[in-house]
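Going by the working numbering, the residue at position 82 of the sequence shown is 157; the numbering climbs one at a time, nothing skipped. Don't be surprised by glycine CBs; every beta carbon is placed ideally from N, CA and C. Remarks on the structure that follows.
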Amino acid sequence: MHKLEDLKVWNKAMNVAVETYKLSADFPVEEKYGLISQIRRSAVSIPSNIAEGAGRNSKGEFKQFLGIANGSSFELYTQLKLSYKLNLVSVDKIKPILNEVIEIQKMNYSLIKSLEK
Numbered sequence: 076m077h078k079l080e081d082l083k084v085w086n087k088a089m090n091v092a093v094e095t096y097k098l099s100a101d102f103p104v105e106e107k108y109g110l111i112s113q114i115r116r117s118a119v120s121i122p123s124n125i126a127e128g129a130g131r132n133s134k135g136e137f138k139q140f141l142g143i144a145n146g147s148s149f150e151l152y153t154q155l156k157l158s159y160k161l162n163l164v165s166v167d168k169i170k171p172i173l174n175e176v177i178e179i180q181k182m183n184y185s186l187i188k189s190l191e192k
């Protein structure tokens, strides 16, 4: 088991989830059950799966949940880019979040590789 607060990737993912919630609050109401819901689920899934993996009993299980978190990060990245293409958000607002998502992906990959040793 790992202490969540010590995992930099989990902390960064938590921040991305918070920022994503704030960003999506400005989306049109008609997206409430569409893109808003999907974006928020993806954003929450990243730190949640890191946390679930950290609470498991083996490195293999941890790696599995890190893989799921990584998939969710790619989903979120895609949904944010789509939001921009649909003119729901400006590039200035999503760029910092996209950069953080990319950083999470790199950190997650490194953590997975370290667990394989």
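Inter-segment contact for the segment 150 to 167 and the segment 113 to 127 is present: three or more beta-carbon pairs are separated by less than 8 Å.
As the crow flies, the alpha-carbon of Ala129 is around 24 Å from that of Gln113. Burial of Phe137 is indicated by the presence of at least 16 other C-beta atoms within 10 angstroms of its C-beta. The straight-line gap separating the alpha-carbon atoms of Leu163 and Glu94 is approximately 16 Å. Assignment of Leu79 by DSSP, reduced to helix, strand and coil, places it in the helix class. With fewer than 16 other Cβ atoms from the protein chains shown falling within 10 Å of its own Cβ, Leu161 counts as exposed. Annotation: the continuous alpha helix (DSSP H) that includes Gly146 extends over Lys134 to Lys160.
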